[in-house]
Every structure is written in structure tokens, then in C-alpha cells.
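Undergrad:
In the working numbering, the protein residues as written are 1 to 106.
(1) For the pair the stretch 48–59 and the stretch 4–19, tell me if three or more CB-CB distances fall below 8 Å.
(2) First and last residue of the alpha helix (DSSP H) that includes residue 42?
(3) Is DSSP giving residue 35 helix, strand or coil here?
(4) Can you name the start and end residues of the alpha helix (DSSP H) that residue 74 belongs to?
(5) Suppose the cutoff is 7 Å on Cβ atoms and the five residues either side in sequence are ignored; what does the same chain contact list for residue 94 look like?
(6) Cα separation between residue 67 and residue 51?
(7) Quick one: grab the DSSP three-state call for residue 19.
(8) Could you say which of 76, 77, 75, 48 lies nearest to residue 63 if we only look at CA atoms?
(9) Could you have a look at residue 27 and say whether DSSP puts it in helix, strand or coil?
(10) Could you tell me the boundaries of the alpha helix (DSSP H) in which residue 56 lies?
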């Protein structure tokens, strides 16, 4: 069997992140959207459409402004994540795993 070295490296690099939903027990609720990199790849391709033609950035502040404007435009056309109403489960599970105390609203 021939092994794709690039794919193997990618898997090794992201193995822990890949298994996070499984470890947190959230695959059923959020797995459809978060078990692939499609969300990130889609966002990156949209950013490339907006920012790809800019050849010379004056400074990082300029880059940040352009990025913010592009993200605001892209956001209008993005769909909601499947089961978005259950994202609070992910936040709660991550805070528990990372031992972060929730701040109480005043």
C-alpha cells in the first residue's frame, strides 16, 4: 500500500484537534460541520477573492482593515453552521476540559 506523505503529515499535525469532538462527546451534535476543514477552506477561498489582487500591503494595520472589511462582506453570504443552536455545548465542554471558570454576568 502506498502512503501519501503529505496527507500523513497533515493527519499527524491535526490528530488531537481531529479527535476533539469525539473526546468531548459532541460528534452527534456538531460533527456534521466540524469534522472536516470545509468551513475554513471555504472562508480562505472567499478571502482570496477579496484580497488576492492586493500586491503591496503598506503595513499590518492596512492588512487588518482589509481583512475585516472582507470578512464583513463574506459573512452576509455564509450559512449557519448545522446545529448552531448547540454550539453552547462545545463552549461549555471546552471550558470544562481547559478548566476555565465561567464569568458570571453582573
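Quick reminder that beta carbons are idealized off the backbone N, C-alpha and C, glycines included. All figures in this text were calculated on a predicted structure; none of them were measured in a lab.
TA: Well, looking at it:
(1) By the Cβ test, the stretch 48–59 is not in contact with the stretch 4–19, since fewer than three Cβ pairs between them sit closer than 8 Å.
(2) Here residue 42 refers to the residue found at position 42 of the chain shown. Unbroken alpha helix (DSSP H) run through residue 42: 38–51.
(3) The residue you call residue 35 lines up with position 35 of the chain shown. Annotated three-state conformation of residue 35 is coil, per DSSP.
(4) Within the chain shown, the letter at position 74 stands for residue 74. Element bounds for residue 74: 60–77.
(5) As a first step, residue 94 must be located in the chain shown, where it is residue number 94. Here the set comprises nothing.
(6) As a working note, residue 67 is residue 67 in the chain shown. As a working note, residue 51 is residue 51 in the chain shown. In a straight line, the C-alpha of residue 67 is about 8 Å away from that of residue 51.
(7) Taking the chain shown and counting its residues from 1, one reaches residue 19 at position 19. DSSP places residue 19 in coil when its eight states are reduced to three.
(8) In the chain shown, the residue the question calls residue 63 occupies position 63. If we check each option's Cα against that of residue 63, 48 comes out closest.
(9) As a working mapping, residue 27 is identified with position 27 in the chain shown. DSSP places residue 27 within a helical segment (H, G or I) once states are collapsed to three.
(10) To locate residue 56, count along the chain shown from 1; it is residue 56. Going by DSSP, residue 56 is part of no alpha helix (DSSP H) at all; its letter is neither H nor E.
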